[in-house]
Amino acid sequence: MLSSKPYDLCIIGAGMAGSMLAAVAARRGMRVVVIEAGPRFDFNRRLDQLRRNKVLGEPLWPWESTGRDVYTDSSKDELGYSYTLNRSRVKAVGGSTLHWGGMAQRLQVSDFDTASRYGLGLDWPIRYDDLESYYGWAEREIGVSGEPLRSDPPRSTPFPMPGFPMRYEDAAWVPVAQKLGIDVDTVSHARNSEPYKGRSPCVAYSVCNLCPSGARYSAHFHMEEAERSGNCLLLTETVARRIDTTGGRVTSVQVGRLDGSELEIRAKHFAVTAHAVESARLMLLSGLGNQSDQLGRNLMEHWYVAAGGFGEERNFPGRIGFTTLESHSFYDGPERHDRGAIKVEFGGGSRDPLMVHSSGGVWGSPLAAMDCNEFGHWIDVGAEIEHLPNPDSRVTLDLEKRDVFGDPAPHIQFALSEIDHRTHRRAEEILVTLLEARGLRDIRQTIAFGRAHHHMGTCRMSADPDMGVVDPDCRVHGVENLYIVGSSVFPTGGARQPTLTIAALALRLADRLTG
Ligand SMILES: Cc1cc2nc3c(=O)[nH]c(=O)nc-3n(C[C@H](O)[C@H](O)[C@H](O)COP(=O)(O)OP(=O)(O)OC[C@H]3O[C@@H](n4cnc5c(N)ncnc54)[C@H](O)[C@@H]3O)c2cc1C
Ligand code: SF4
293 MLSSKPYDLC IIGAGMAGSM LAAVAARRGM RVVVIEAGPR FDFNRRLDQL
343 RRNKVLGEPL WPWESTGRDV YTDSSKDELG YSYTLNRSRV KAVGGSTLHW
393 GGMAQRLQVS DFDTASRYGL GLDWPIRYDD LESYYGWAER EIGVSGEPLR
443 SDPPRSTPFP MPGFPMRYED AAWVPVAQKL GIDVDTVSHA RNSEPYKGRS
493 PCVAYSVCNL CPSGARYSAH FHMEEAERSG NCLLLTETVA RRIDTTGGRV
543 TSVQVGRLDG SELEIRAKHF AVTAHAVESA RLMLLSGLGN QSDQLGRNLM
593 EHWYVAAGGF GEERNFPGRI GFTTLESHSF YDGPERHDRG AIKVEFGGGS
643 RDPLMVHSSG GVWGSPLAAM DCNEFGHWID VGAEIEHLPN PDSRVTLDLE
693 KRDVFGDPAP HIQFALSEID HRTHRRAEEI LVTLLEARGL RDIRQTIAFG
743 RAHHHMGTCR MSADPDMGVV DPDCRVHGVE NLYIVGSSVF PTGGARQPTL
793 TIAALALRLA DRLTG
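Numbering of the sequence shown is given in the numbering used here, commencing with residue 293 and proceeding in unit increments.
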């Protein structure tokens, strides 16, 4: 039950950032309340839900509330497709980690100061060294399996679990990379290579977006820990609508519930952990944090580029396990003066009968012939590329479209610059070179600016209040007790997966608040 006494900490959003922050703050004795817009899923129903997804085609996470989770988008001209936001996030306890891919990576040292090194992007007001110990702590909290790599930034603590062996179809790329003089690396994962924190090891069945065993980490595990401590109250299906301030301090948050009731929540400290789109939207709705006119701007993704071709032998890629091999040979170096970082990801998917069918609309014997010719022969390779900060790429409020509470929906507009197009063209060149060296035929690009589902920017971190939304401690410029944590505060995003950095920032804030 909600206490009438102000809480020590009110957290808005129970995804990776919010759950990690709640668990550590509650562990250290703070009285915490967490407001989460979505529902809580019953872990024990995962297998059933997986079955319903595979057999009946139901969504993996049936969370979407059409009234609550509205948005509008005008990215089609830039990307060639409309950005379906609700396929790139989950609103529920655990947030988007309920169905993330689980690749858990630190940003590179160079990602923190691309402006100084390369004259592109922006320097973070903190450096890799400021986060290093928090990265190690995040790896231990989450449970990350990996091997130290030559291409990795320096680490002071080992991975808590050994890395996974290379997938057989990934291993086939090693001699190709060697022939081309390209370095390859294994991949660190937030999935157990051995039993960890009471969760079982991974059995490599490859249905990871709804891992039924719990081998792949999801942030709901930390939310459960926070609740077990007795210091944390979680309110589900509860949406933060406005943050109220008096004299440069937040006094309360106004929330709405789907049953129509309203609440006011009071606390000493407030943390917005609602991910890049909703954090910016809530700040815009509250009229806070926009003295620099940067709020909502610089919305970034990691764009996914893919190409493939046909091989003589059948090797059925993508059927077991997950990506275990990548290359950082094109991440840094002199080329990064002219374009963003590129990370090659090997493996890729096969064209199985269902994919052939759904992409071609082919039936009967032509479909059977296509299956015979293509199934197992198609091999593709992909790359994640950096999207440089761009003020025209942004989240704004759509006054025409409102949610169930009458609040303006977030409007998203991704924008690409000439540099992003250059990065894309270079990535395509690299992928084609790899495919040719593998001896494939009928090579073609299959994805140009595909989404990696990583939303970054919109509330960026800056030392100068005129340049961003939060300070280097993630505190909103000009508001004493309000923090934003997540990839929304990233000034730049590199080309490595963002979520370990989100966890590290959450742990750093937990330390600041409880230290
Ligand atoms: C398919 C897919 C694959 C991915 N794979 C990877 C990967 O391999 N590696 C990686 O690093 N990242 C990956 N990601 C990205 C990763 O999931 C996100 O970076 C991460 O989950 C973001 O954490 P967060 O806590 O900031 O936000 P979220 O997890 O999105 O949580 C935010 C929470 O806030 C709640 N909320 C929003 N607005 C309000 C409000 N007004 N009031 C109350 N609550 C609110 C939402 O309901 C949500 O639960 C993937 C994402 C997807 C979708
Ligand atoms: S391969 Fe299976 S056990 Fe391993 S993380 Fe994926 S779904 Fe879970």
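A virtual CB, placed ideally from N, CA and C, is assigned to each residue, including glycine. What you are looking at is a predicted structure, and each value in this text was computed from that prediction instead of being measured.
Short Cβ contact (7 Å threshold) for glutamate 431 with glycine 455: no
Neighbourhood of proline 683 by C-beta, 6 Å cutoff - its chain only, sequence neighbours within 5 removed: Arg589
The region 728 to 740 contacting the region 592 to 609, beta-carbon criterion three pairs below 8 Å: yes
Inter-stretch contact (C-beta, 8 Å, three-pair minimum) for the region 565 to 579 and the region 706 to 724: no
Cβ shell of aspartate 536 (< 6 Å), same chain only, five flanking positions each side left out: Thr543, Ser544
Own chain residues within Cβ distance below 6 Å of leucine 472, not counting five before or after: Around leucine 472: Ala729.
Close Cβ partners of glycine 413 (< 7 Å) along its chain, the five nearest in sequence each way excluded: Thr406, Ala407, Leu680, Pro681, Thr784
Ligand 1 heavy atom lying under 6 Å from the CB of lysine 383: yes
Candidates Tyr775, Arg442, Asp403, Pro467, of which the one nearest histidine 629 by Cα: Asp403
Reference serine 380; option with closest CA among His594, Ser521, Trp655: Considering only alpha carbons, the answer is His594.
Near ligand 1: threonine 750 beta-carbon under 6 Å from a heavy atom: no
Close Cβ partners of leucine 747 (< 8 Å) along its chain, the five nearest in sequence each way excluded: The question names leucine, yet the displayed sequence has histidine at residue 747. For histidine 747, where only same-chain residues beyond five positions count, the Cβ hits under 8 Å are Ser380, Arg381, His567, Ala568, Val569, Leu591, Met592, Glu593, Ser779, Ser780.
Euclidean distance between Cα positions of histidine 716 and valine 673: 14 Å
Serine 437: CB within 6 Å of a non-hydrogen atom of ligand 2: no
Neighbourhood of alanine 660 by C-beta, 8 Å cutoff - its chain only, sequence neighbours within 5 removed: none
Nearest-angstrom Cα separation, counted from tyrosine 509 out to alanine 482: If I take the Cα positions, the gap works out to 6 Å.
Nearest-angstrom Cβ-Cβ length linking arginine 800 and leucine 371, presumed shorter than 8 Å: No, arginine 800 and leucine 371 are not in contact; Cβ-Cβ is about 33 Å, not under 8 Å.
Selected residue, minimal CA-CA separation from glycine 742, among Thr538, Leu526, Lys368: Lys368
Beta-carbon gap between aspartate 365 and tyrosine 375 smaller than 7 Å: yes
Residues bridged to alanine 559 [DSSP beta-bridge criterion]: Tyr299
Identity of the residue in Ser657, Thr616, Asn607 nearest glycine 668 by Cα: Asn607
Short Cβ contact (7 Å threshold) for methionine 312 with alanine 796: No, the Cβ-Cβ distance between methionine 312 and alanine 796 is not below 7 Å.
Any non-hydrogen atom of ligand 1 within 6 Å of glutamate 328 CB: yes
DSSP state of serine 571 mapped onto helix, strand, coil: Helix at serine 571.
Close Cβ partners of glutamate 637 (< 7 Å) along its chain, the five nearest in sequence each way excluded: Result list for glutamate 637: Thr615, Glu618, Gly674, Ala675, Glu676, in chain order.
Euclidean distance between Cα positions of proline 700 and arginine 534: Each residue's CA atom was taken as its position, placing proline 700 and arginine 534 some 12 Å apart.
Nearest-angstrom Cα separation, counted from valine 547 out to leucine 348: 36 Å
Ligand 1 heavy atom lying under 6 Å from the CB of alanine 802: no
Spatial distance of proline 487 from glycine 506 (CA atoms): 10 Å
DSSP-derived helix/strand/coil call for cysteine 524: strand
Residue closest to lysine 489, alpha-carbon to alpha-carbon, out of Ser425, Glu433, Gly522: Out of Ser425, Glu433, Gly522, Glu433 has the C-alpha closest to the C-alpha of lysine 489.
DSSP bridge partner residues for proline 702 (one or two, in chain order): Leu689
Heavy atom of ligand 4 within 6 Å of glutamate 678 beta-carbon: For ligand 4, the structure offers nothing, since it holds only ligand 1 and ligand 2.
Beta-carbon proximity check, alanine 798 vs alanine 309, cutoff 7 Å: yes
Glutamine 586 versus tyrosine 420: straight-line alpha-carbon distance, rounded: Each residue's alpha carbon lies about 24 Å from the other.
Expected contact under 8 Å - CB spacing of proline 702 and valine 724 to nearest Å: Actually they are not in contact, since the Cβ atoms of proline 702 and valine 724 sit about 37 Å apart, beyond 8 Å.
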